[in-house]
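Enquirer: For the numbering used here, add 89 to where a residue sits in the sequence shown, where the first one is 1.
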Amino acid sequence: MSYGYSLKLIELNKASDKKLLGVYFGAVCIKNDVPVAEVAQKLKVSRQAVYNWFTGVSNPSVQAAASIEKLIAKLEQ
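#1: Quick one: is Leu96 buried, meaning 16 or more other Cβ sit within 10 Å of its Cβ, or exposed?
#2: Quick one: what does DSSP say Val123 is sitting in, helix, strand or coil?
#3: Could you tell me the distance, in whole angstroms, from the CA atom of Asn148 to the CA atom of Lys131?
#4: Whole angstroms are fine: how far does the CA of Leu98 sit from the CA of Val139?
#5: Measuring straight from C-alpha to C-alpha, what distance separates Leu110 and Asn141?
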């Protein structure tokens, strides 16, 4: 069950650098209401890693980045 995105996460994402892949991915996921748990499961990473990417705290690995780019392309269709 998805509870949606918190206002705090949305604000942190908006305030972060959209040039970072994880932050941009976060904006796309928020816009399309894709749950963090679903993203984490698809990418085989922790939910905390996803939150860190969405807020610009850390960057995805090279392996994750390739998968993220594919997911972004799907979501932006």
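Built from N, CA and C at the ideal position, the CB exists for glycine as well.
Expert: Checking against the coordinates, here is how it stands:
#1: exposed
#2: coil
#3: 17 Å
#4: 11 Å
#5: 12 Å
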